[in-house]
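Numbering (my numbering), first residue to last: 275 to 426.
Okay, here's the thing in structure tokens:
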């Protein structure tokens, strides 16, 4: 029952959020998954490590896709940053490099703080579901556990 309520709340939060807030939620999810992967790696729970880092990779890939549709200087720089993060996360996954994973989490935290400031400064209003910055994210399956999840 509580899980269903959480899913409804999350769906409502996503469908009413502005584009920058959705972007912020994705960044928070990627950061959270990096931390989960780092903790699992330290405890040598490799199944959890791979699951969490794969989720982080999926989120960073979605972040890169979300900015690649617009061609301007800012979106190109963001796309480069997300491509760099993706490569670093993939390298950390391959080599089980926990310090590299921690560095990726710190970079995501810095990005999160930046997007928080953008959202607060502009006091952004909610937008419709059609304006989602993550067009490749299927919101109908995001809560089922079958694919992408914002939760750790």
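Cβ coordinates follow ideal geometry from the N, Cα and C atoms, glycine included. The model shown is predicted, which means the values in this text are computed figures rather than measured ones.
Closest by C-alpha distance to residue i, when choosing among the options
i	options	result
residue 327	339, 368, 342, 395	368
residue 320	390, 387, 371	371
residue 235	334, 329, 324	Examination of residue 235 is not possible in this model, given that the chain is present from 275 through 426 alone.
residue 306	332, 353, 351, 338	332
residue 325	296, 339, 310	310
CB contact flag (residue i, residue j, <7 Å)
i	j	result
residue 364	residue 374	no
residue 302	residue 376	no
residue 378	residue 391	no
residue 354	residue 342	no
residue 304	residue 382	yes
residue 298	residue 389	yes
residue 330	residue 356	no
residue 393	residue 316	no
Continuous alpha helix (DSSP H) stretch holding residue i: start and end
i	result
residue 387	372-396
residue 354	347-369
residue 324	320-342
residue 304	293-316
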